[in-house]
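Colleague:
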Amino acid sequence: MDPNKLFMIVFIGFLVFSLDKNQKKFPAPIILVASGVILAFFPFLSTLNLTKEFIFDWILPALLFISAYQFPLHQLKQKAGLIITLGTLGIFLSAILLGMLLYAVGHLLIGISLAAAMVIAALLIPTDPVTVVSILKKSSDTHHLAEVVEGESLINDGTSVVIFSLFSGYYLNSEPLHFALFTWEFIYTSLGGVLTGLVVGWVVPKGIHFIEYHAYQVWLSLLLAYGSFYAAEGLGVSGVLAVVISGLFLSKELAGNQKEKSLRRDLESFWGTIEPVLLSIIFILIGIESLDFFTTDGLLFALIGFTLSIIVRAVMLVFILKSLPLWRNTYTKSDTLLLTWGGIKGTMSLALLLGITGEAGAQDEGLLSLAFMMIMLSLMIQSVTFYPLKTKLDRTPAS
Numbered sequence: 001m002d003p004n005k006l007f008m009i010v011f012i013g014f015l016v017f018s019l020d021k022n023q024k025k026f027p028a029p030i031i032l033v034a035s036g037v038i039l040a041f042f043p044f045l046s047t048l049n050l051t052k053e054f055i056f057d058w059i060l061p062a063l064l065f066i067s068a069y070q071f072p073l074h075q076l077k078q079k080a081g082l083i084i085t086l087g088t089l090g091i092f093l094s095a096i097l098l099g100m101l102l103y104a105v106g107h108l109l110i111g112i113s114l115a116a117a118m119v120i121a122a123l124l125i126p127t128d129p130v131t132v133v134s135i136l137k138k139s140s141d142t143h144h145l146a147e148v149v150e151g152e153s154l155i156n157d158g159t160s161v162v163i164f165s166l167f168s169g170y171y172l173n174s175e176p177l178h179f180a181l182f183t184w185e186f187i188y189t190s191l192g193g194v195l196t197g198l199v200v201g202w203v204v205p206k207g208i209h210f211i212e213y214h215a216y217q218v219w220l221s222l223l224l225a226y227g228s229f230y231a232a233e234g235l236g237v238s239g240v241l242a243v244v245i246s247g248l249f250l251s252k253e254l255a256g257n258q259k260e261k262s263l264r265r266d267l268e269s270f271w272g273t274i275e276p277v278l279l280s281i282i283f284i285l286i287g288i289e290s291l292d293f294f295t296t297d298g299l300l301f302a303l304i305g306f307t308l309s310i311i312v313r314a315v316m317l318v319f320i321l322k323s324l325p326l327w328r329n330t331y332t333k334s335d336t337l338l339l340t341w342g343g344i345k346g347t348m349s350l351a352l353l354l355g356i357t358g359e360a361g362a363q364d365e366g367l368l369s370l371a372f373m374m375i376m377l378s379l380m381i382q383s384v385t386f387y388p389l390k391t392k393l394d395r396t397p398a399s
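In UniProt numbering, the protein residues as written are 1 to 399.
Written as C-alpha cells, this is what we have:
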C-alpha cells in the first residue's frame with residue numbers, strides 16, 4: 001500500500017479516536033467507516049490495491065494478539081466452560097445452520113450456491129465486543145455479560161477465521177463442499193493451531209525474564225505475536241488460534257509476577273497504541289471499498305440474511321444457555337436478549353471480507369456486496385441501538 005495513503009488513513013483514525021470520547025450512542029467504527037466513504041470520492045484514495053497477505057499476515061495477527069493478551073485471565077477461568085462452548089461449538093453450529101438457511105432462501109431469490117452461502121455465513125459469525133463491552137461494564141448488573149461477550153469474541157475470532165478459510169477455499173477453487181471433510185479439516189486445523197500456540201506460547205515468554213531492557217522485552221512480544229502465527233501457518237494449521245493461545249500464555253506469565261509490573265505497563269502502552277491504529281486502517285479501508293460493494297441488487301436478500309444471522313445467534317444462545325442448570329439459572333431472558341443483540345459484526349468480519357477481495361474475481365462481486373451489506377446493517381443498526389436496548393431493559397424487571 002502507498003505510504004502516503006496509509007499515513008492519511010492513520011491520521012484520520014487518530015482524529016476520530018481523539019475526538020470521539022463518548023462512544024456509547026455513536027461508536028467510533030461507524031465514524032471511521034463514514035470517513036472512508038467520503039475518502040472514496042477522492043481519486044487519490046480510490047484505488048488501494050489491497051491484498052489478502054496485507055490483511056491476514058500483518059493486520060490480523062496483531063489484533064488477535066492484543067485481544068488475547070489484554071483479556072483478564074480470571075474471567076476466562078470463571079466462565080471458561082461457557083466461553084469455550086460459545087466460541088467453538090456455538091460458532092461451528094451457527095455457521096452450518098446460518099449457511100443452510102441462507103442457501104435455502106438465497107437459492108430461491110438470487111440463485112446462490114451452497115458454497116457461496118457458507119462463505120457469507122462464515123463472514124457473519126464473528127462478533128466484535130468493543131462497543132458492547134464498554135456499555136455492559138458500566139453497570140454491575142450486566143458486568144458478567146461483558147465478560148462472556150469479551151471471552152466469546154476472543155475464542156470465536158480464531159475459530160471463525162478457520163471456518164472462513166475453509167469455506168472460502170471451497171468457493172474460490174470451485175470445489176464440492178463435503179461436510180464430513182470440512183469437519184475433519186476444521187478439527188485438524190484448529191487443534192494444530194492450539195498445539196502450536198501452546199508450545200510457542202510456553203517457551204517464548206520464559207525468555208522475557210532473561211532480558212534486561214523493557215524495550216527488548218516489548219520487542220520479544222512482537223516476535224511472539226507474529227512468530228506464533230507464521231510457525232502455525234508454516235505447519236499448515238491455524239495461525240490465528242496459535243496467536244490467541246500465545247497471547248494468553250504471555251498474559252499468564254506476567255500476571256502473577258510483581259517484578260514485571262512495569263513491563264506490563266510498557267506492553268499495555270505499546271499494544272494499546274497499535275490497536276487503534278490497526279482498527280482505523282480496517283474500518284477506513286472498508287469505507288473506501290464500500291462504494292464498490294454497495295448495490296441495490298439483492299438488497300432484500302441482504303435484509304433477510306441480516307435477520308437470519310440474529311435469529312440463528314438467538315437460537316444458538318438459547319440452546320447452549322438452557323443446556324446446563326448452572327447456565328440456565330444464571331442468565332435471564334434479558335441477558336439472552338442482550339447477548340443476542342450484542343453479537344455485532346465488526347472488525348473481524350470486515351477484515352475477512354477485505355482479505356478475500358484480492359482473490360475474488362469479477363464474478364464474485366455480487367457475493368462480496370451481499371456480505372458487505374449484511375455486515376454494515378449489523379454494524380450500524382445493532383451498534384447504535386444496543387445502548388437504548390440495555391437502558392430499556394434496565395428499567396424492566398428481570399425475568
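Backbone N, C-alpha and C fix where the C-beta goes; we use that ideal spot for every residue, glycine too.
Quick one: grab the DSSP three-state call for N156.
Modeller: helix
Colleague: What is the residue span of the alpha helix (DSSP H) that I135 lies within?
Modeller: 130 to 136
Colleague: Measuring straight from C-alpha to C-alpha, what distance separates F294 and R264?
Modeller: 43 Å
Colleague: May I have a chain-ordered list of the alpha helix (DSSP H) segments no shorter than 4 residues that lie completely inside the segment 16 to 81?
Modeller: 28 to 39, 43 to 46, 60 to 70, 73 to 78
Colleague: Once the 5 residues before and after L320 are set aside, which same chain residues still bring their CB inside 8 Å of it?
Modeller: For the record, residue 320 in the displayed sequence is Ile; it is not Leu. Same-chain partners within the cutoff: L82, T85, L86, L89, G90, W327.
Colleague: Cutting at 6 Å between CB atoms, please list the residues of its own chain near E253, excluding the five before and the five after it.
Modeller: These residues qualify, in order along the chain: P205.
Colleague: Can you find the residues in the same chain that come closer than 6 Å, C-beta to C-beta, to G298, ignoring five residues on each side of it along the sequence?
Modeller: I110, L370
Colleague: For T336, name the three-state secondary structure that DSSP assigns.
Modeller: helix
Colleague: How many whole angstroms separate the CB atoms of G346 and R313, which I take to be in contact at a CB cut-off of 8 Å?
Modeller: Wrong, their Cβ atoms sit about 14 Å apart, outside the cutoff.
Colleague: Flag this pair as touching only if the segment 140 to 156 and the segment 188 to 196 have three or more C-beta atom pairs under 8 Å; answer yes or no.
Modeller: no
Colleague: For L73, which residues of its own chain have a beta-carbon under 8 Å away from its beta-carbon, when the five flanking residues on both sides are left out?
Modeller: L248, S251, K252, A255
Colleague: If you run the structure through DSSP and keep just helix, strand and coil, what is T296?
Modeller: coil
Colleague: Does the Cβ-Cβ distance between L278 and L98 come in under 8 Å?
Modeller: no
Colleague: Nearest CA to the CA of A296: which residue from F372, T391, V240?
Modeller: In the sequence as displayed, the identity of residue 296 is Thr instead of Ala. Comparing Cα positions, the closest option is F372.
Colleague: Just the C-alpha distance for E233 and G239, rounded to the nearest angstrom, thanks.
Modeller: 5 Å
Colleague: Report the rounded CA-to-CA distance for A215 versus L224, giving the unit in angstroms.
Modeller: 14 Å
Colleague: May I ask you to verify whether the segment 161 to 171 touches the segment 117 to 124, counting CB pairs closer than 8 Å and requiring at least 3?
Modeller: yes
Colleague: Pick out whichever of I288, K259, Y387, S246 has its Cα sitting closest to the Cα of F229.
Modeller: Scanning I288, K259, Y387, S246 for the CA closest to the CA of F229 turns up S246.
Colleague: Which residue from I125, I96, I66, G272 puts its Cα closest to that of H178?
Modeller: I96
Colleague: In whole angstroms, what is the alpha-carbon distance linking F44 and I282?
Modeller: 18 Å
Colleague: Can you tell me whether DSSP reads I120 as helix, strand or coil?
Modeller: helix
Colleague: Can you list, in chain order, the stretches of the alpha helix (DSSP H) that have 4 or more residues and sit fully within the segment 255 to 285?
Modeller: none
Colleague: Nearest by alpha-carbon distance to I66: which of S140, V243, V237, L220 is it?
Modeller: V243
Colleague: Which residues in the same chain have their Cβ closer than 7 Å to the Cβ of S221, if we skip the five residues on either side of it in sequence?
Modeller: L250, L267
Colleague: Cβ of L337 within 8 Å of Cβ of L393?
Modeller: Yes; because the gap between Cβ atoms is below 8 Å, this pair is in contact.
Colleague: With a threshold of 6 Å on Cβ separation, who are the neighbours of V130 within its own chain once the five nearest residues in sequence on each side are excluded?
Modeller: none
Colleague: Helix, strand or coil, according to DSSP, for S251 in the structure here?
Modeller: Reduced to three states, the DSSP call for S251 is helix.
Colleague: Between the Cα of P27 and the Cα atoms of T340, I381, F56, which residue gives the shortest distance?
Modeller: Scanning T340, I381, F56 for the CA closest to the CA of P27 turns up I381.
Colleague: Closer than 6 Å by C-beta to A302: which residues in its own chain qualify, once you throw out the five before and the five after it? Chain order, please.
Modeller: Sequence-distant Cβ neighbours of A302 in its own chain, meaning closer than 6 Å and more than five residues away, are L370, M373, M374.
Colleague: If you reduce the DSSP assignment to three classes, tell me which class P3 lands in.
Modeller: helix
Colleague: Where F11 and P276 are concerned, what is the direct C-alpha to C-alpha distance, given to the nearest angstrom?
Modeller: 11 Å
Colleague: To which residues of the same chain is Q75 closer than 8 Å at the C-beta, ignoring the five residues directly before and after it?
Modeller: E147, E150, G151
Colleague: Measure the C-alpha to C-alpha separation of L93 and T159 and round it to an integer number of angstroms.
Modeller: 12 Å
Colleague: Check each candidate in M316, P325, L350 and name the one with the smallest Cα separation from L339.
Modeller: It is M316 whose Cα lies nearest to the Cα of L339.
Colleague: Where does Y171 sit, in a helix, a strand or coil, going by DSSP?
Modeller: helix
Colleague: Tell me whether D394 sits in a helix, a strand or coil according to DSSP, three-state version.
Modeller: helix
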